[in-house]
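Structure, as structure tokens:
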Amino acid sequence: MTEIDTIEAKRLTRDLTTSFEISLGTQTSISNVVIKVELTDGTIGIGEAAPVSMVTHESQETVLAAIELARSLVTGMEIENTRGIHTVLKHHLETQHAARAGIEMAVFDALGKRWGCSLAALAGGANAPVVTDDTIGMVGPNTAQSQAAAAVESGFEDLKIKVGGDIEADIERVAAVREAAPDAEIIVDGNQGYYPKEAIQFADRTADFDIGLFEQPVDKDDRRGLKQVTDAVRIPVAADESVFTAEDAATIATMGAADVINVKIQKAGIVDALAITRIAAAHGLDLMIGMMLESSIGVRAGAHIVAGTGAISYVDLDGHFSIADPITSWEYQPAHDVQGPGLGLDVEYDAL
Ligand SMILES: [Mg+2]
26 MTEIDTIEAK RLTRDLTTSF EISLGTQTSI SNVVIKVELT DGTIGIGEAA
76 PVSMVTHESQ ETVLAAIELA RSLVTGMEIE NTRGIHTVLK HHLETQHAAR
126 AGIEMAVFDA LGKRWGCSLA ALAGGANAPV VTDDTIGMVG PNTAQSQAAA
176 AVESGFEDLK IKVGGDIEAD IERVAAVREA APDAEIIVDG NQGYYPKEAI
226 QFADRTADFD IGLFEQPVDK DDRRGLKQVT DAVRIPVAAD ESVFTAEDAA
276 TIATMGAADV INVKIQKAGI VDALAITRIA AAHGLDLMIG MMLESSIGVR
326 AGAHIVAGTG AISYVDLDGH FSIADPITSW EYQPAHDVQG PGLGLDVEYD
376 AL
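If you're matching positions, the sequence shown starts at 26 in the numbering used here and goes up one per residue.
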């Protein structure tokens, strides 16, 4: 029996290289938490919680408090019992999404290291490189154009553009990106910023720009509005903030409210993220993976889920590019390396 011996957590606070604006607000820094799980055999697993108050309704402080509580709940549990650990955390910390996600990430990293296999393998697949898009925030058209050109120059074939603000400015931004990247696959993300009628209008007026996916056009709780947009527009629509849990995914799928579900570890944790991929597949929905602004720990975990499930068509794992003073080095390029054991990352917790 190898059990969870200790759980520790520390703040990971970093500035962003440039501020990042979406329809919900602007981020200039990250206030994340790194979690260390140590097993009774000395194996160490590392995870990351990325609380974003405007999405997960958590903060660095609430995550640290949640981990205090989690310590008393899961210390002594068998590490192989990942479902049991998930169930205990979900019962006691249901609304603490990022905190639960960070603990589950560390648990799976530890389990993978103990077994000598990757998180991708634990998720049912083989290690394989994963290719991400690059995201352009709600910037002016000139900045959008130069960012798109730089991304294309670095080999990115998929670009995501934040919209959901002033519709004229949004259209100008999309037009500027399309001009700089004529062959790119374009995703737009409304981040709940439109009313259904506006979203339909935006889709109609951008028809010539060949947008490939429209993420979360309307308020997360307006499921009928989401369905209204999905039924009205030609391009596939993705539910992001509307789906945190497996239960949310089942609701959206049975309503036919979206064509695609954006699964994120910070919303669902790892066990529920895997469940969401099965629910989507069973309903004939496609999948996207996204992230909050996370360091390479969270980004890498997402890449393992893509490789491990083999079910995710749209990959948006680029947040680490924006973080100043990164905890591991990275190159500005689309491919993520996926290998084990665990997350396959060399992060020294005590040095952070
Ligand atoms: Mg999104």
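Every residue, glycine too, gets a C-beta built ideally from N, C-alpha and C.
Owing to the predicted nature of the structure, the values given are computational and were not obtained by experimental measurement.
Report task. For Val199, collect the residues of the same chain with a Cβ closer than 8 angstroms to its Cβ; drop the 5 residues on either side in sequence, then sort them by chain order. Result -> Closer than 8 angstroms at the Cβ level, and outside the excluded window around Val199, lie Ile186, Val188, Ile211, Val213, Thr231, Phe234, Ile236.
Query raised in the report: From Glu178, Thr68, Glu197, Thr81, pick the residue whose C-alpha is nearest to that of Leu136; which is it?
Result: Thr68
Report task. Using 6 angstroms as the cut-off, classify the Cβ of Glu240 as near or not near the heavy atoms of ligand 1, replying yes or no. Result -> Relative to ligand 1, Glu240 has its C-beta within less than 6 angstroms of a heavy atom.
Query raised in the report: Under 6 angstroms from any heavy atom of ligand 1, does the C-beta of Asp265 make it?
Result: yes
Query raised in the report: Any chance the CB of Asp297 is under 6 angstroms from a heavy atom of ligand 1?
Result: Every heavy atom of ligand 1 is 6 angstroms or more from the Cβ of Asp297, so no.
Query - Of the residues Ala34, Thr65, Ile71, the one placed nearest Gly369, counting alpha carbons only - result: Ile71
Requested in this report: Take Val177 and list the residues in its own chain whose beta-carbon comes closer than 6 angstroms to its own, dropping the five residues that flank it on each side.
Outcome: Taken in chain order, the residues that qualify are Ala206.
Report task. Taking only heavy atoms of ligand 1 into account, decide whether any of them is closer than 6 angstroms to the Cβ of Asp134. Result -> no
**Report entry** Rounded C-alpha distance that separates Thr168 from Val202
**Finding:** 9 angstroms
Query raised in the report: Per the contact definition of three or more C-beta pairs closer than 8 angstroms, is the region 323 to 341 in contact with the region 154 to 161?
Result: yes
Report task. Please state if the CB of Ala264 and the CB of Ile286 are separated by a distance shorter than 7 angstroms. Result -> yes
Query raised in the report: What do you reckon, is the C-beta of Asp214 under 6 angstroms from a heavy atom of ligand 1?
Result: yes
Query raised in the report: If you scan the region 239 to 275 from start to end, which runs of the alpha helix (DSSP H) of 4 or more residues do you find wholly inside it?
Result: Within the region 239 to 275, the complete alpha helix (DSSP H) runs of at least 4 residues fall at 248 to 257.
Query - Cβ-Cβ distance between Gly281 and Gln241 below 7 angstroms - result: no
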